[in-house]
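**Q** So that we are looking at the same thing, I have put the structure below in structure tokens.
Protein chains: 2
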Amino acid sequence: MSGRSVAVVGATGAVGREMLATLHRRSFPVGSLRLMASARSAGTSLDTPWGEVEVEDLAEADPAGIEVALFSAGGARSREHAPRFAAAGAVVVDNSSAWRMDPQVPLVVVGVNDAAARAHRGIIANPNCTTMVLLMAVAPLHRAAGLESMVVASYQSVSGSGQTGIETLSAEVAHFSQDAAALQYGGWADPGHGMYARPIGFNVLPLAGALAEGGYTDEEWKLVNETRKILDAPQVAVEPTCVRVPVMVGHGLAASCWFSRPLGAEEADRLIEEAPGVRVWRDRVPTPLDCAGHDEVLVGRLRETLGRPGGISLWVVGDNLRKGAALNAVQIAELVI
Amino acid sequence: MSGRSVAVVGATGAVGREMLATLHRRSFPVGSLRLMASARSAGTSLDTPWGEVEVEDLAEADPAGIEVALFSAGGARSREHAPRFAAAGAVVVDNSSAWRMDPQVPLVVVGVNDAAARAHRGIIANPNCTTMVLLMAVAPLHRAAGLESMVVASYQSVSGSGQTGIETLSAEVAHFSQDAAALQYGGWADPGHGMYARPIGFNVLPLAGALAEGGYTDEEWKLVNETRKILDAPQVAVEPTCVRVPVMVGHGLAASCWFSRPLGAEEADRLIEEAPGVRVWRDRVPTPLDCAGHDEVLVGRLRETLGRPGGISLWVVGDNLRKGAALNAVQIAELVI
Numbered sequence: 000m001s002g003r004s005v006a007v008v009g010a011t012g013a014v015g016r017e018m019l020a021t022l023h024r025r026s027f028p029v030g031s032l033r034l035m036a037s038a039r040s041a042g043t044s045l046d047t048p049w050g051e052v053e054v055e056d057l058a059e060a061d062p063a064g065i066e067v068a069l070f071s072a073g074g075a076r077s078r079e080h081a082p083r084f085a086a087a088g089a090v091v092v093d094n095s096s097a098w099r100m101d102p103q104v105p106l107v108v109v110g111v112n113d114a115a116a117r118a119h120r121g122i123i124a125n126p127n128c129t130t131m132v133l134l135m136a137v138a139p140l141h142r143a144a145g146l147e148s149m150v151v152a153s154y155q156s157v158s159g160s161g162q163t164g165i166e167t168l169s170a171e172v173a174h175f176s177q178d179a180a181a182l183q184y185g186g187w188a189d190p191g192h193g194m195y196a197r198p199i200g201f202n203v204l205p206l207a208g209a210l211a212e213g214g215y216t217d218e219e220w221k222l223v224n225e226t227r228k229i230l231d232a233p234q235v236a237v238e239p240t241c242v243r244v245p246v247m248v249g250h251g252l253a254a255s256c257w258f259s260r261p262l263g264a265e266e267a268d269r270l271i272e273e274a275p276g277v278r279v280w281r282d283r284v285p286t287p288l289d290c291a292g293h294d295e296v297l298v299g300r301l302r303e304t305l306g307r308p309g310g311i312s313l314w315v316v317g318d319n320l321r322k323g324a325a326l327n328a329v330q331i332a333e334l335v336i
Numbered sequence: 000m001s002g003r004s005v006a007v008v009g010a011t012g013a014v015g016r017e018m019l020a021t022l023h024r025r026s027f028p029v030g031s032l033r034l035m036a037s038a039r040s041a042g043t044s045l046d047t048p049w050g051e052v053e054v055e056d057l058a059e060a061d062p063a064g065i066e067v068a069l070f071s072a073g074g075a076r077s078r079e080h081a082p083r084f085a086a087a088g089a090v091v092v093d094n095s096s097a098w099r100m101d102p103q104v105p106l107v108v109v110g111v112n113d114a115a116a117r118a119h120r121g122i123i124a125n126p127n128c129t130t131m132v133l134l135m136a137v138a139p140l141h142r143a144a145g146l147e148s149m150v151v152a153s154y155q156s157v158s159g160s161g162q163t164g165i166e167t168l169s170a171e172v173a174h175f176s177q178d179a180a181a182l183q184y185g186g187w188a189d190p191g192h193g194m195y196a197r198p199i200g201f202n203v204l205p206l207a208g209a210l211a212e213g214g215y216t217d218e219e220w221k222l223v224n225e226t227r228k229i230l231d232a233p234q235v236a237v238e239p240t241c242v243r244v245p246v247m248v249g250h251g252l253a254a255s256c257w258f259s260r261p262l263g264a265e266e267a268d269r270l271i272e273e274a275p276g277v278r279v280w281r282d283r284v285p286t287p288l289d290c291a292g293h294d295e296v297l298v299g300r301l302r303e304t305l306g307r308p309g310g311i312s313l314w315v316v317g318d319n320l321r322k323g324a325a326l327n328a329v330q331i332a333e334l335v336i
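Here the protein sequences come in this chain order: A and B.
Residue numbering for the first sequence follows numbering that gives the first Met the number 0, starting at 0 and increasing by one per position.
Residue numbering for the second sequence follows numbering that gives the first Met the number 0, starting at 0 and increasing by one per position.
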């Protein structure tokens, strides 16, 4: 068999399923496939393009013989199990935040810093979905002009919180459709009907992630720290605000960026258009619905800054389950096999 | 009769109705009330707190005797009719964009630049709803430290587009609730089911308003130009991105601001808390649902900038029909009677 021995860890989750679909869609040379998840899902079977496969208990799975392991099982499981998979000879591509800032672990956006992947010691980290979408647009500008500072506001979809996010939004939209007056006349302190601290249906939550140092959320710190590591630009100034919006799939970002030299809108357009995996829309604006279910990241509203001249303001959207997660993980695997 | 002779022009629209409710809620001294609208609505009657009032045709209405006229009938009607109401002795408070940048016309956010109202020559302009909500948070910081630059991304509700925006979002949410797969797996080019160029249901539209100079929309230019006029700070650098989100009522904004001196988060908190009509939330984040139906503008996530030090990043939400429109118009009328 000429194919590789592949494991998908966290196979039953939203990203795990998308990883399986992506391996198939991109004709990744899967010789044999193993699926792993927590004990709760172990013993069930998944119908995959390579036949029905039983899900193994990650805690008890023997990694011997696995060549590529795609992990999307959360930070704690990744911290515990990725090292033993790597020690057994697998290349682990990890979608959690567990290893991203480890100086020994490359953090790779394929199309942006592919060369970093080659220095891996068994584990390669897949960046945060929001950072990944943003950098698909900003990295080509950085390479040409040297990014110095960036102010970013996100419009993040509920699928970034997993399947529970999708179920929460569905439930809340159904609930509020029965109580439209609450949306307009307020006075209303509904705690929500799902996973978020406040309702996301017909609302936006200006705090995505958990609060961390300095009044910033972990999502916001990821935007800062992962941007610096991926661009190999530790001095870049980033002002992040991460906001959850009532969209199912697709993360959007509004960014204003300044560089070590003035950058015009036409040059920025050309630089992004020449980069792989990202496309500039000129005649209409790309929305989350336009990127959902697509591999390409879409950029629109490219324009020169108004107040502090020489910079570029732009809008970018990408499917957070695809380029923001599963697609980039599979692309990393393609780079290293 | 000790009350004033009041006219509400555009009485049948979303803002016009909110103006009537606001006059009543604030016990504005309405001695007599006249309602006006386009010929289409003329002849109908509205049930008001001052009894049933027949709607007059604006084009034929005689303004003699009117002391205060609250206009929310669109820019074209305002340009045509506000001057003849003012010439007849009325103080016109105009909610359209027609007069805002006229150097003879004060542009007033009550609580921010009340003194400007006194120099009126018959017309006072009510600012754009997004700008108004933003400046309730930023003006107190500007007064203390001198605003120099600001990057702003908006999360604007559909009621900012009037009643049709609300109907469009309702229709699209009902439509997509029948076709959830389209939201997740895309490939989907639905032109929308209402007033916007693309769907707003389960989506965000990163272009609020109509495209104008330099790739910026008219909404974005309003944020720039009205901010400069209201703060009397013509050099302030503003980078705006205006985005429509699937929320019924309540505009949110994420802003990063820098001043002529460094400003700490504690000082910023105190400055905003001391200002009228705006409140800082510290233990939880204010969302559009929290401000809908309320007069107060809410500020959250006050924090010091991370990358370019000395600045303040914040989140602010306000009811775009209240402080963003009807409330401020009535407050202006209270200032000048």
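Where is the CB? At the ideal position from N, CA and C, for every residue including glycine.
Quick check: is the beta carbon of F201/B nearer than 7 Å to any beta carbon in chain A?
**A** Along the second sequence, read from residue 1 onward, the residue named residue 201/B stands at position 202. Closer than 7 Å to some Cβ of chain A, the Cβ of F201/B qualifies, so yes.
**Q** Taking the alpha-carbon positions, what's the G186/B to L22/B distance?
**A** Along the second sequence, read from residue 1 onward, the residue named residue 186/B stands at position 187. Along the second sequence, read from residue 1 onward, the residue named residue 22/B stands at position 23. Caution applies to G186/B, whose pLDDT of 45 falls short of 50 and renders its modelled position unreliable; the model cannot decide the point.
**Q** For a test of the three-state rule: what should DSSP assign to D176/B, helix, strand or coil?
**A** Along the second sequence, read from residue 1 onward, the residue named residue 176/B stands at position 177. With the sequence shown as reference, residue 176/B is identified as Ser, and Asp is not the correct amino acid for it. S176/B: helix per DSSP, three-state reduction.
**Q** Since V235/B and L146/B are thought to touch, with beta carbons under 8 Å apart, how far apart are those beta carbons, to the nearest angstrom?
**A** For the purposes of this step, residue 235/B is identified with residue 236 of the second sequence, where counting begins at 1. For the purposes of this step, residue 146/B is identified with residue 147 of the second sequence, where counting begins at 1. Contact holds; Cβ gap of about 5 Å.
**Q** My guess is that V203/B and Y154/A are in contact by the Cβ rule of under 8 Å, so how many angstroms apart are they, rounded?
**A** Within the second sequence, residue 203/B is the residue found at index 204, counting from 1. Within the first sequence, residue 154/A is the residue found at index 155, counting from 1. Confirmed, Cβ separation roughly 5 Å.
**Q** Under 7 Å, do P301/A and A325/A count as touching if we go by C-beta distance?
**A** On the first sequence, residue 301/A is found 302 positions in, with the first residue counted as 1. On the first sequence, residue 325/A is found 326 positions in, with the first residue counted as 1. The question names Pro, yet the displayed sequence has Leu at residue 301/A. Cβ distance not < 7 Å, so L301/A and A325/A don't count as in contact.
**Q** Which residue marks the beginning of the alpha helix (DSSP H) containing D61/A, and which one marks its end?
**A** Numbered from 1 along the first sequence, position 62 holds the residue referred to as residue 61/A. Neither: D61/A is in no alpha helix (DSSP H) and is coded neither H nor E.
**Q** Does the stretch 6 to 13 of chain A come close enough to the stretch 151 to 165 of chain A to have 3 or more Cβ pairs within less than 8 Å?
**A** Cβ pair count under 8 Å is three or more, so yes.
**Q** So what does DSSP say about C256/A, is it helix, strand or coil?
**A** Stepping through the first sequence from its first residue, residue 256/A is reached at position 257. Of the three classes helix, strand and coil, the one that applies to C256/A here is strand, per DSSP.
**Q** Could you tell me whether the stretch 90 to 106 of chain A touches the stretch 73 to 81 of chain A, using the rule of 3 or more Cβ pairs below 8 Å?
**A** With the cut-off at 8 Å, the stretch 90 to 106 of chain A and the stretch 73 to 81 of chain A touch.
**Q** State buried or exposed for D337/A, treating a residue as buried only when at least 16 other CB atoms are found within 10 Å of its CB.
**A** What the structure shows of chain A is the stretch from 0 to 336, and residue 337/A is not part of that stretch, so it cannot be assessed.
**Q** Is the beta carbon of A97/A within less than 6 Å of some heavy atom of the ligand COA?
**A** This structure lacks the ligand COA, and indeed carries no ligand of any kind.
**Q** Pull out every residue of the stretch 195 to 220 of chain A whose Cβ sits closer than 8 Å to any Cβ of chain B, in chain order.
**A** Listed in sequence order: A196, R197, P198, F201, N202, V203, L204, P205, L206, G213, G214 and Y215.
**Q** Please look up how many angstroms separate the CB atoms of M194/A and G164/A, rounded, as I've assumed it's under 8 Å.
**A** As a position in the first sequence, residue 194/A is number 195, starting the count at 1. As a position in the first sequence, residue 164/A is number 165, starting the count at 1. At roughly 6 Å, the Cβ-Cβ gap stays under 8 Å, so M194/A and G164/A are in contact.
**Q** Which word fits T286/A, buried or exposed, when buried means at least 16 other C-beta atoms lie within 10 angstroms of its C-beta?
**A** Along the first sequence, read from residue 1 onward, the residue named residue 286/A stands at position 287. So T286/A ends up on the buried side.
**Q** What are the boundary residues of the beta strand (DSSP E) that includes F70/B?
**A** By one-based count along the second sequence, residue 70/B stands at place 71. It spans V67 to F70 - the beta strand (DSSP E) in which F70/B sits, taken as one unbroken run.
**Q** Using a beta-carbon distance below 7 Å, is L146/A in contact with chain B?
**A** To locate residue 146/A, count along the first sequence from 1; it is residue 147. Chain B contact via Cβ: absent.
**Q** Where does L320/B sit, in a helix, a strand or coil, going by DSSP?
**A** Mapped onto the second sequence, residue 320/B falls at position 321. Residue state, collapsed to three classes: coil.
**Q** Please state whether DSSP places E53/B in a helix, a strand or coil.
**A** Locating residue 53/B in the second sequence gives position 54, counting from the first residue. The answer is strand: DSSP assigns E53/B an E or B state.
**Q** Does chain A have any CB closer than 7 Å to the CB of M247/B?
**A** Here residue 247/B refers to the residue found at position 248 when the second sequence is read from its first residue. Closer than 7 Å to some Cβ of chain A, the Cβ of M247/B qualifies, so yes.
**Q** Return the first residue and the last residue of the beta strand (DSSP E) that L301/A is part of.
**A** For the purposes of this step, residue 301/A is taken as the residue at position 302 of the first sequence. Start and end: V296 to E303.
**Q** By Cβ distance, which residues of its chain are closer than 7 Å to A328/A, with the 5 residues on each side in sequence left out?
**A** Numbered from 1 along the first sequence, position 329 holds the residue referred to as residue 328/A. Closer than 7 Å at Cβ, skipping near neighbours: M18, L69, V92, N94 and N125.
**Q** Assign V106/B to buried or exposed, taking buried as 16 or more other Cβ atoms, counted over all protein chains shown, within 10 Å of its Cβ.
**A** Here residue 106/B refers to the residue found at position 107 of the second sequence. Looking at the sequence provided, one finds Leu at residue 106/B rather than Val. L106/B comes out buried.
**Q** Who does G251/A pair with in a DSSP beta bridge?
**A** To locate residue 251/A, count along the first sequence from 1; it is residue 252. Per DSSP, Y154/A and V316/A.
**Q** How about S44/B: is its C-beta nearer than 7 Å to some C-beta of chain A?
**A** As a first step, residue 44/B is located in the second sequence; it is residue number 45 there, counting from the start. Judged by the 7 Å Cβ criterion, S44/B is not in contact with chain A.
**Q** For R321/B, count neighbouring C-beta atoms within 10 Å of its own C-beta (all shown protein chains included) and say buried if the count is 16 or more, exposed if not.
**A** Position 322 of the second sequence, counted from the first residue, corresponds to residue 321/B. Buried: at least 16 other Cβ atoms inside 10 Å.
**Q** Taking C-beta pairs closer than 7 Å, name the residues in chain B that G358/A reaches, listed in chain order.
**A** Past the edges of chain A, shown from 0 to 336, lies residue 358/A, and the structure says nothing about it.
**Q** Looking at chain B, which residues of the stretch 126 to 144 of chain A have a Cβ within less than 8 Å of any of its Cβ atoms?
**A** If the cut-off is 8 Å between Cβ atoms, the stretch 126 to 144 of chain A has nothing near chain B.
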